[in-house]
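S.K.: Residue numbering for the sequence shown follows our numbering, beginning at 35 and increasing consecutively.
Positions of the beta carbon are idealized from the N, C-alpha and C atoms, including for glycine.
Mind looking over this structure? Questions follow.
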Amino acid sequence: TMIKCACKWIIVALLIIRSSMDVIAQQVTMASPDGKIVIELFNLQNQSQGEWYLKVKYNQQGNTSDIIPHIKLGISRSDQDFSTQLKFLKAGKQIRISEMYNALHGKRSQRSNLANETTITFENPGKQKLNVIVRAYNDGIAFRYEFPESSGTFTVLDELTAYIIPDSTDQWLEKFDLSNEGLYTKTRDGSIQQNWCYPALFKSAENTWYLIHEADVSRSYCATKLSNLAGHNEFKVCLPLPEEGDGEALPSITLPWKSPWRVIMMG
């Protein structure tokens, strides 16, 4: 009887430990207005400080699948880094984005912008803040970085955003070229490793389609590309090389500052 009792309490203790680890690992969960798309924030080390990533799930006919299991987060500035030692501070209250606007081109002139949004605040070892603004739409997700401090001018050295694509995913990609006028090639398993143009099209094993792109690229930042040179299934956002344009390749930013949106259209 004592052995049974001891085993029971051990099992209870293990469940409590496992539950607490899950709470640490998964800090934020947010769904699209229709509930089909779910975004989750995780810590790679199962702690409140370290490296962070997003997971994107899609509900198709009642079955929920991990469509993009891992989107690395982080950015590196000339004065300090915001990637490997980020401390989670808080997730802001979820708000509903509901706007109407007129499109410059397309099938309809009047369009709607409907999403749920939250702002996740991190702090690096230098006590500097990094916000990640995340939106869940009915037809995709978007996220961007924000430095909320009121002053300072810095150079962005690298952006660590990277999409980990499962090997079972079909891919339609265009080899990177400044003209962005190449042909798209269908691949799988990241069998070709090089730099790629936007937009990049994928179809998961569950027949969910998604398109990776960027939006709101302004004078305060640069257009980017994708690269899986470091890992066959890891498509990283890459800044321009010195020979890929006029002037300085790395962007200079003045705080407060927001990056372009990283966009994933999904359905």
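1. Spatial neighbours of residue 210 within its chain, please: CB distance less than 6 Å, with the 5 preceding and 5 following residues excluded, ordered by chain position.
2. In chain order, what are the residue ranges of uninterrupted beta strand (DSSP E) at least 3 long that sit wholly in the stretch 75-119?
3. Which of the three DSSP states, helix, strand or coil, is assigned to residue 251?
4. Would you kindly check if the distance between the Cβ of residue 84 and the Cβ of residue 118 is under 9 Å?
5. According to the neighbour-count rule (16 or more other Cβ atoms, all chains shown, within 10 Å of its Cβ), is residue 203 buried or exposed?
6. Are there 16 or more other CB atoms within 10 angstroms of the CB of residue 135, so buried, or fewer, so exposed?
7. Which class does residue 70 belong to by DSSP, given the choice of helix, strand or coil?
8. Is residue 251 buried or exposed, if buried means 16 or more other CB atoms sit within 10 Å of its CB?
9. Please classify residue 55: does DSSP put it in a helix, a strand, or coil?
10. Closer than 8 Å: is that where the CB of residue 110 sits relative to any heavy atom of the ligand GTP?
11. Leaving aside the five residues before and after residue 312 along the sequence, list all residues of the same chain whose C-beta is less than 8 Å from its C-beta, in chain order.
12. Pick from 197, 222, 219 and 282: whose alpha carbon is nearest that of residue 102?
13. Within 10 angstroms of the Cβ of residue 112, are there 16 or more other Cβ atoms? Answer buried if so, exposed if not.
14. Following the continuous beta strand (DSSP E) through residue 237, name the residue where it begins and the one where it ends.
15. CB-CB under 7 Å to residue 106, same chain, minus the five flanking residues each way: which ones, in chain order?
16. Which of the three DSSP states is assigned to residue 213 in this structure?
17. Could you compute how far the alpha carbon of residue 275 sits from the alpha carbon of residue 158?
18. Counting C-beta neighbours from all protein chains within 10 Å, is the total for residue 281 16 or more, i.e. buried, or is it exposed?
19. If you run the structure through DSSP and keep just helix, strand and coil, what is residue 245?
20. Which of the three DSSP states, helix, strand or coil, is assigned to residue 199?
M.R.: Put simply:
1. Excluding residues within five positions, the ones whose Cβ falls inside 6 Å are 229, 230, 231 and 259.
2. DSSP runs (the beta strand (DSSP E)) wholly in the stretch 75-119: 86-94, 97-106 and 109-111.
3. It is coil, neither helix nor strand.
4. Closer than 9 Å, so yes.
5. Result: buried.
6. Label assigned to residue 135: exposed.
7. Annotated three-state conformation of residue 70 is coil, per DSSP.
8. With fewer than 16 other Cβ atoms within 10 Å, it is exposed.
9. Confidence is the limiting factor: at residue 55 the pLDDT is only 44, short of 50, which leaves the residue's position unreliable, though a coordinate-based value still follows. Correct three-state label for residue 55: helix.
10. For the structure depicted, the ligand GTP is absent and the ligand set is empty, with no information on it obtainable.
11. For the chain, the structure presents residues 35 to 301; residue 312 sits outside this window and is missing.
12. Just measuring C-alpha positions, the residue of 197, 222, 219 and 282 sitting nearest residue 102 is 197.
13. Residue 112 counts as exposed, since fewer than 16 other C-beta atoms from the protein chains shown sit within 10 angstroms of its C-beta.
14. For residue 237, the enclosing beta strand (DSSP E) stretches over residues 234-237.
15. Answer for residue 106: 87, 194, 195 and 196, listed in chain order.
16. DSSP places residue 213 in the coil class of the three-state scheme, outside both helix and strand.
17. If you draw a straight line from the Cα of residue 275 to the Cα of residue 158, it comes to about 27 Å.
18. Residue burial is scored here from C-beta neighbours: residue 281 has fewer than 16 other C-beta atoms within 10 angstroms and is therefore classed as exposed.
19. Reduced to three states, the DSSP call for residue 245 is strand.
20. Coil, per DSSP.
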